[in-house]
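Numbering (this note's numbering), first residue to last: 94 to 308. Working notes for the structure below.
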Amino acid sequence: MLRAGRQTLFAWTDVITHANQGYRTLSISTEHTQLISRFVQELSLAGGQTRQVHDLAQLVSAIADILRERQTGRLLVAADNLITELDLVTRLRAKGIEVITSDEPAQVAQLEVGLTGALAAVASSGTLLLAGGASLASLLPPLHLALIRAEQIEPDLTGVWPLLGQAIRTGERELCLITGPSKTADIEQTLVQGVHGPGELIVIILSEDEPGGQP
């Protein structure tokens with residue numbers, strides 16, 4: 094009733110409401126631009142890399158380019174919610190990429206690159222939150238590609254806590270926080286990457302709200 098009644102009138106309140114909505118959109122966009130920059134900076138300090146894309150075509154091309162640089166056409170994919178939502182497996186196969194979704198270590202031990210989605214990212218530390226089901230693709234190959242939407246980047250860990258509870262309620266038994274590639278140090282404090290996990294981490298940030306982006 095209120096919605097129908099409001100639509101029958103033109104009033105300055107409608108103009109003000111639309112103006113406020115536009116301001117809010119601008120503010121959110123500006124905030125996320127700052128969060129992306131902070132996340133990129135912190136992840137770089139932790140030894141990780143980033144790529145930013147603005148639509149699905151750019152996303153698929155970026156993944157194909159990374160595989161080409163590694164001289165491989167095969168990719169281990171953890172088909173989590175984000176990757177399923179984007180129908181990314183189908184899109185990658187249409188690009189000529191051999192996508193493997195097996196969770197058997199013996200079948201994927203020789204793969205060079207693994208792709209996962211992420212539940213969230215933390216700008217203040219360059220950290221990713223992953224579901225446990227993505228563990229094989231995020232741990233076994235030497236290169237871990239992680240996909241995140243720009244709007245999933247939180248300023249700090251306080252923005253991630255509600256997601257932890259939500260994931261547990263939906264049946265996730267294992268969650269993982271990742272900051273940069275795998276690192277370890279021996280008794281002489283010599284830092285080595287990639288001994289207990291991927292030696293490289295590349296986070297692909299999908300910013301579909303940017304100019305030129307497509308949903």
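Each residue gets a CB set at the ideal place from its N, CA and C atoms; glycine is no exception.
Checklist entry - Does DSSP put L236 in a helix, in a strand, or in coil? => result strand
Checklist entry - With a CB to CB cut of under 7 Å and the five nearest residues on each side skipped, what residues in its chain are close to K188? => result V153 and A157
Next on the checklist: Quick check: the segment 237-250 against the segment 209-225, are at least 3 beta-carbon pairs closer than 8 Å?
Outcome noted: yes
Checklist entry - Do the segment 128-135 and the segment 213-233 meet, that is, are 3 or more Cβ pairs less than 8 Å apart? => result yes
Checklist entry - Leaving out five residues before and five after E267 in sequence, what residues of the same chain have Cβ atoms less than 6 Å from its Cβ? => result G225
Item to check | Reference G140; option with closest CA among S300, P274, V296 and P291 | outcome: P274
Checklist entry - Given that a residue counts as buried once 16 or more other Cβ atoms are within 10 Å of its Cβ, and exposed if not, what is L221? => result buried
Item to check | E293 versus P235 - alpha carbon distance | outcome: 6 Å
Item to check | Inter-stretch contact (C-beta, 8 Å, three-pair minimum) for the segment 189-206 and the segment 162-172 | outcome: yes
Checklist entry - Hey, how far is the Cα of E191 from the Cα of D180? => result 15 Å
Item to check | Per-residue burial, L160 [other beta carbons within 10 Å of its own, 16 or more giving buried] | outcome: buried
Checklist entry - According to DSSP, what are the bridge partners of I295? => result Q142 and L238
Item to check | Boundaries of the beta strand (DSSP E) in which G273 is found, first to last residue | outcome: It is not in any beta strand (DSSP E) - G273 carries neither H nor E in the DSSP assignment.
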